[in-house]
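To convert, note that position 492 of the sequence shown is 483 in our numbering; the numbers rise steadily by one, no gaps. Built from N, CA and C at the ideal position, the CB exists for glycine as well. Note that the structure is predicted; figures quoted are calculated from it, not measured.
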Amino acid sequence: MLTSVDGIKDQVFDYIIIGGGTTGLVLATRLSENPSTSVLVLEAGSAHIDDATLLIPQQRWLFMGKAEYDWSFKTETQHHARDRVFTWPRGKGLGGSSAINNLLWNKPARQHIDAWGALGNDGWTWENFQAYSKKSERFVKPNHNTDVLTYDTKLHGEHGPIFTSFPPVISNLEKDFRKAMEAHNVPTIQDASSGEIRGTSPSLSNLDPSTHHRAYATNMYYQPVAGRTNLKVLVDAYVTEIITTEVNGLITATGVKFVESDNSYIANVAGEVCLTAGAIMSPKILEMSGIGDPAVLERAGIEVKLDLPGVGMNVQEHLYTGVTFELTDHFSGEQEVNTFDSLATNLGLQKELHASGKGTLNLNTVDIAFVALADISPELNAKVIASLQSEKDAGLAAQYKVQAEHLRQNVPSLEIILAPGPSKPPLQGFDASKKHVSICFAANCPLSRGTIHVTSKDSLAIDPHVFENKFDLDTMVELVKFCRRLAQTPPLKGEGEGRLKEIHPGPDCKDDAAIAEWICNNVNTTFHTASSCSMLPKELNGVVDPQLKVWGTHNIRVADLSVIPLHVGSHTQSVAYALAEQAADIIKASHK
């Protein structure tokens, strides 16, 4: 199925795809549908095909941090005069982050997608997103908990490669969570896949219900077509540079330099180079190829081929943490509450139960509430809107104008998650003999903007600028306070003094200053990094045009989450697949 360096020797490819992750394998599958088109995929990581650690849900709780499954960059940033080091994992391996994510599949608000078009990108609309998302999806109806696991089949694809389904095991706190949210004027909705996402609804997982295995880009897109003779996939091939020359005033790719087994090679291209290495590596590869801000490149000792200052700028990330509670009552009505805690005490039994669709390895988060800032703090919402009017930078001002309008319209920018376990895997620092749940929360439309830049030809610096805009931190403080109110709201609260005993951050963390301090020490990336090669007009610090072509180049495109100009308020998996499906059609159309 996979090729070797010898297998591509002396060949010239129509397309070279850099990065065999989520979007890269979608693109490879679609572009190789034409048997006369030759496609090469270069993936820096290993294949991990049929790897049970990836296929079996929730084993990620046990292997997070292992070098063979994620490759973490660390970056220092300053909060309240203290240094804070963030670990920034993402998928290095065939399938990319779709091989290691938490499986959740949901869709953004209509306004989040339409905002891309409003920022100067014709063709990037909610209607197109929905069509391409459905093209990638194969939804399977649930046969259990049907009173909780609600859906609208019209909003889902039925024949796409990626299975979506509900997890076989749920926490059984969902009904109580929904009623508590309703008490705070957040409605329960049948299915948030319509683009109208404000409210609480059950979230799908990318699970094959016949095997209870992860359905991801490798086993659902690539493996069924791996026998195509015009498709070559080389793993453990680390790209160091796109080889370019100038033709008629445009930078033109002629090949891709990569390292495999400590040896350097060049793969030749006659058509296009498609960069799908993800929001961290795509800007790095452009900069290593001499495409970027001249000041950044010169400091790194890299020859400037194309002056494009937007590369590595405008970085946006979903930030999250959660309030964790010990359950003093393990039942919701007559149903026992299921949590991840048993993975720490009887993993062997859970592995035995997995194939039958039972046990903790088949448990996943279901209920997510997408809410607007005004839902939790109308006063802060008004302050943020007022603050966004004074931005001087033209590129950021255009984005802030859209974000301010979303805040006025109460478009959800936050999420609150009923998580059946401690807020941070692995299960560290908690009494494994007890059961825990967390009310996790995320700020999905940040105002702060980070950077990702090379510092030399082989090193990279990520500066997320977390909480550089103080309203991002203020928002998370309000989220903690809302989650605490929610935990004290019946029926989620339980009987009497309540069943949710807060242990993290704990009752000693009381005022806003203490909560902010705790957040700064505990907030994490959700691995939804985006926007480092933004699809924007060049004068607004854009990197790619609406056809995903790098400004000033003839045949270099970027097709991953790095091109999103303004982050979405949902999880990013469905977005990545839809983006790649649309990118494939754009590329095909350009060569008709």
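Tell me the DSSP secondary structure of residue i in three-state form.
| i | result |
| --- | --- |
| E237 | strand |
| Q564 | helix |
| Q479 | coil |
| G283 | strand |
| E128 | strand |
| G15 | helix |
| E493 | strand |
| L451 | strand |
| R75 | strand |
| C524 | coil |
| G441 | strand |
| A365 | helix |
| W542 | coil |
| E118 | helix |
| F458 | coil |
| T319 | coil |
| V535 | strand |
| C436 | coil |
| V302 | coil |
| H582 | coil |
| F600 | Look at the range of the chain in this structure, -8 to 583, and you will see that residue 600 is not part of it. |
| I7 | strand |
| V(-4) | helix |
Applying the criterion that 16 or more other CB atoms from any shown protein chain within 10 Å of the CB defines a buried residue, is residue i buried or exposed?
| i | result |
| --- | --- |
| D1 | exposed |
| K83 | buried |
| F594 | Because the chain in this structure spans residues -8 to 583, residue 594 falls outside the shown range and cannot be described. |
| D298 | exposed |
| T336 | exposed |
| A43 | exposed |
| S(-5) | exposed |
| V17 | buried |
| P274 | buried |
| G56 | Caution applies to G56, whose pLDDT of 44 falls short of 50 and renders its modelled position unreliable; the model cannot decide the point. |
| R476 | exposed |
| N254 | exposed |
| W96 | buried |
| N210 | buried |
Quick check: residue i and residue j, are their CB atoms within less than 7 Å of each other?
| i | j | result |
| --- | --- | --- |
| W346 | L31 | The residue you asked about is not Trp; residue 346 is Ala in the sequence shown. No, they are not a contact pair. |
| V584 | T312 | Here the chain has residues from -8 to 583 only, and residue 584 is not among them. |
| S184 | L146 | yes |
| I390 | A521 | Here residue 390 turns out to be Gln, not Ile, going by the sequence shown. No, the pair does not count as a contact, with Cβ atoms beyond the cut-off. |
| I153 | E173 | no |
| V177 | V362 | yes |
| E263 | Y568 | no |
| A291 | S447 | yes |
| K492 | E317 | yes |
| F499 | V468 | One detail in the question is off: residue 499 reads as Asp in this sequence, not Phe. No, the pair does not count as a contact, with Cβ atoms beyond the cut-off. |
| A208 | T13 | yes |
| L94 | N435 | no |
| I453 | W79 | yes |
| R219 | S23 | yes |
| Y213 | Q573 | no |
| N532 | G301 | yes |
| F458 | L464 | yes |
| L10 | T351 | A quick correction: the sequence has Gly, not Leu, at residue 10. For G10 and T351, no; Cβs fall outside 7 Å. |
### Query
Does the segment 395 to 412 come close enough to the segment 429 to 443 to have 3 or more Cβ pairs within less than 8 Å?
With a cut-off of 8 Å, the segment 429 to 443 and the segment 395 to 412 count as touching, because enough Cβ pairs lie within range.
### Query
Any chance the segment 220 to 234 sits against the segment 33 to 45, with 3 or more Cβ pairs inside 8 Å?
These segments touch.
### Query
What beta strand (DSSP E) runs, 3 residues minimum, are completely inside the segment 371 to 412?
Unbroken beta strand (DSSP E) stretches of 3 residues or longer found wholly inside the segment 371 to 412: 405 to 410, given in chain order.
### Query
Is the number of C-beta pairs between the segment 84 to 101 and the segment 528 to 545 that are closer than 8 Å three or more?
With the cut-off at 8 Å, the segment 84 to 101 and the segment 528 to 545 do not touch.
### Query
Where in the segment 212 to 270 do unbroken runs of the beta strand (DSSP E), each at least 3 residues long, occur, reported from the N-terminal end onward?
Every beta strand (DSSP E) of 3 residues or more that sits fully in the segment 212 to 270 is shown, in chain order, as 222 to 225, 229 to 238, 241 to 251, 254 to 266.
### Query
So, do the segment 129 to 144 and the segment 191 to 209 have three or more beta carbon pairs nearer to each other than 8 Å?
The segment 129 to 144 is in contact with the segment 191 to 209.
### Query
Looking at C-beta atoms only, is the number of pairs between the segment 158 to 165 and the segment 114 to 128 that lie closer than 8 Å three or more?
The way I'd put it, the segment 158 to 165 doesn't touch the segment 114 to 128; fewer than three beta-carbon pairs between them come closer than 8 Å.
### Start-end ranges of the alpha helix (DSSP H) lying completely within the segment 134 to 212, minimum 4 residues
Counting only unbroken stretches of 4 or more residues, the alpha helix (DSSP H) elements lying wholly within the segment 134 to 212 are 165 to 174, in sequence order.
### Sufficient close CB pairs (3 or more, under 8 Å) joining the segment 365 to 383 to the segment 397 to 407
Yes, they touch.
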